[in-house]
Amino acid sequence: MFKMISSPHTHSGKLTARIMLWVILAMIPAITAQVYYFGYGVLIQIGLAISFALFLEFIVTVLRKKPKLFYIGDFSVTLTAIILAIAIPPYSPYWLVLIGIFCAVILSKHIYGGLGQNLFNPAMVGYVILLVSFPLQMTSWLPPIQLLNEPPSFTDAYLLIFSNITSDGFNLSQLTLSIDGITQATPLDAVKTGLKNGVTSLSEINHSPIFQSILPLNKTYLFTGLGWTQINLLFMLGGLFLIWKKIIHWQIPFAFLTALFILSMINWLLSDIAPTPIWQFFTGATMFGAFFIATDPVTASITPKGKIVFGALIGFLIYIIRYYGGYPDGVAFSVLLANICVPLIDHYTRPRVAGYNR
Numbered sequence: 005m006f007k008m009i010s011s012p013h014t015h016s017g018k019l020t021a022r023i024m025l026w027v028i029l030a031m032i033p034a035i036t037a038q039v040y041y042f043g044y045g046v047l048i049q050i051g052l053a054i055s056f057a058l059f060l061e062f063i064v065t066v067l068r069k070k071p072k073l074f075y076i077g078d079f080s081v082t083l084t085a086i087i088l089a090i091a092i093p094p095y096s097p098y099w100l101v102l103i104g105i106f107c108a109v110i111l112s113k114h115i116y117g118g119l120g121q122n123l124f125n126p127a128m129v130g131y132v133i134l135l136v137s138f139p140l141q142m143t144s145w146l147p148p149i150q151l152l153n154e155p156p157s158f159t160d161a162y163l164l165i166f167s168n169i170t171s172d173g174f175n176l177s178q179l180t181l182s183i184d185g186i187t188q189a190t191p192l193d194a195v196k197t198g199l200k201n202g203v204t205s206l207s208e209i210n211h212s213p214i215f216q217s218i219l220p221l222n223k224t225y226l227f228t229g230l231g232w233t234q235i236n237l238l239f240m241l242g243g244l245f246l247i248w249k250k251i252i253h254w255q256i257p258f259a260f261l262t263a264l265f266i267l268s269m270i271n272w273l274l275s276d277i278a279p280t281p282i283w284q285f286f287t288g289a290t291m292f293g294a295f296f297i298a299t300d301p302v303t304a305s306i307t308p309k310g311k312i313v314f315g316a317l318i319g320f321l322i323y324i325i326r327y328y329g330g331y332p333d334g335v336a337f338s339v340l341l342a343n344i345c346v347p348l349i350d351h352y353t354r355p356r357v358a359g360y361n362r
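Numbering-wise (this note's numbering), the sequence shown opens with residue 5 and increments by one.
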């Protein structure tokens with residue numbers, strides 16, 4: 005008679021707006037650290053993204069004759085805008101974030117019917133479209149501003165985003181010319197470039213100023229990226245806070261990080277060029293992806309076992325893309341590929357209804 009799990013269904017009392025606000029609150033410490041290490045461009049991109057996202061949401065509600073304040077007030081589009089804004093380089097041109105927000109809000113969310121009906125994570129759809137279409141702009145990260153002789157002021161950040169040049173006449177590439185040893189702006193870029201150039205030891209890469217030891221031991225295997233380590237740590241703490249508040253479930257982050265750890269450990273033991281599991285955890289968008297992207301309640305698996313399979317699949321794909329793929333990081337691609345598999349995962353992992361065989 006019943007093909008799905010039966011009732012009872014109880015209301016948790018958690019409104020969508022309240023959940024979104026808790027997630028945004030949990031992201032604030034990491035965003036603050038990102039501003040500290042990468043400058044005011046982060047704040048400008050967030051403001052630009054939120055403004056345009058709310059404008060698009062308003063236009064859609066008008067065209068679909070929906071209650072405007074109800075849909076804008078759930079803060080879902082605000083969270084999408086923040087996630088996309090902090091995922092792109094802080095000083096990328098303004099039109100980049102506008103295109104990304106359009107793709108996230110219109111092509112990934114409302115084209116499927118709005119919140120709760122989208123198949124893919126909206127922010128990651130916008131990010132991947134930008135990365136594939138504009139690879140130069142999407143990989144133009146400045147190193148941490150602590151390494152710059154003249155860190156961009158708020159005015160310079162605004163000018164870089166809207167005119168690609170500071171008040172002193174410098175562009176992004178010229179700001180890094182005075183730093184010896186900077187060949188790539190991010191730790192993942194440095195490792196990927198080293199692999200392509202035939203580097204035989206990770207210590208050859210760790211001489212770059214963008215690396216630092218996470219402990220005062222100066223051991224090569226303890227080196228991680230300046231700024232990236234602290235940001236990932238704060239995303240992890242924010243994610244643990246969300247688990248404690250029961251906003252997200254623990255299964256997806258746990259399976260995600262476990263799969264990535266096991267594969268990274270095996271590779272580290274077998275290869276001199278492979279970074280350590282700790283390095284993999286605290287670089288790129290690892291913790292951001294594990295706690296704030298993969299746990300999207302709309303596009304993630306909903307069954308208890310399915311959450312573990314879903315998270316492990318993302319961790320596996322991230323490792324494959326980072327080590328064998330053409331892109332330095334693989335969080336966005338991995339999440340979208342796992343989103344495709346969610347119906348199949350849920351079908352084979354759904355709990356058995358009482359009285360029915362599997």
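Where a beta carbon is used, it is the ideal one built from N, C-alpha and C, also for glycine.
Whether residue i touches residue j by CB criterion (8 Å)
| i | j | result |
| --- | --- | --- |
| V313 | I266 | no |
| P97 | M142 | no |
| A259 | G329 | no |
| S157 | G130 | no |
| S144 | D160 | no |
| P257 | T307 | no |
| T280 | N122 | no |
| L100 | L134 | yes |
| L146 | P332 | no |
| A21 | Q234 | no |
| M31 | I86 | yes |
| V39 | L29 | no |
| F62 | K72 | yes |
| L340 | P33 | no |
Presumed contact (8 Å Cβ cut-off) between residue i and residue j, rounded CB distance
| i | j | result |
| --- | --- | --- |
| I23 | Y95 | Actually they do not touch by this definition, with Cβ atoms about 32 Å apart. |
| V81 | V109 | 6 Å |
| F296 | G243 | 7 Å |
| I105 | F56 | 5 Å |
| A289 | V132 | Going by Cβ atoms, the distance from A289 to V132 rounds to 13 Å, so no, they are not a contact pair. |
C-alpha gap between residue i and residue j, whole angstroms
| i | j | result |
| --- | --- | --- |
| W26 | H114 | 23 Å |
| K249 | S275 | 40 Å |
| G43 | L237 | 19 Å |
| P139 | P126 | 19 Å |
| A342 | I50 | 27 Å |
| L58 | Y75 | 10 Å |
| I325 | V346 | 20 Å |
| G185 | K70 | Here the model assigns G185 a pLDDT of 47, short of 50, so the residue's position is not dependable, and the following value carries that caveat. Whole-angstrom Cα-Cα distance: 55 Å. |
| I277 | N271 | 9 Å |
| A298 | G315 | 7 Å |
| L264 | F239 | 17 Å |
| Y162 | N153 | 19 Å |
| K309 | W232 | 32 Å |
| L317 | L52 | 33 Å |
| G77 | S305 | 26 Å |
| W254 | N168 | 42 Å |
| C107 | L88 | 11 Å |
| F124 | F292 | 17 Å |
| S338 | P155 | 34 Å |
| I344 | T197 | 30 Å |
| I282 | R68 | 48 Å |
| D300 | G120 | 10 Å |
| N175 | K311 | 44 Å |
Residue environment, residue i, which counts as buried when at least 16 other CB atoms sit within 10 Å
| i | result |
| --- | --- |
| Y41 | buried |
| Y323 | buried |
| Y352 | exposed |
| Q284 | buried |
| L273 | exposed |
| T150 | Note on identity: in this sequence residue 150 is Gln, with Thr being the wrong assignment. It counts as exposed. |
| V136 | exposed |
| G229 | buried |
| P148 | buried |
| I251 | buried |
| T14 | Confidence at T14 is low in this model, with a pLDDT of 44, below 50, so its placement is unreliable and the value that follows should be read with caution. So T14 counts as exposed. |
| L60 | buried |
| L246 | buried |
| L261 | buried |
| L321 | buried |
| L19 | exposed |
| G45 | buried |
Distance cut-off 7 Å: residue i Cβ against heavy atoms of the ligand MN
| i | result |
| --- | --- |
| T190 | No copy of the ligand MN occurs in the structure displayed, which carries no ligand at all. |
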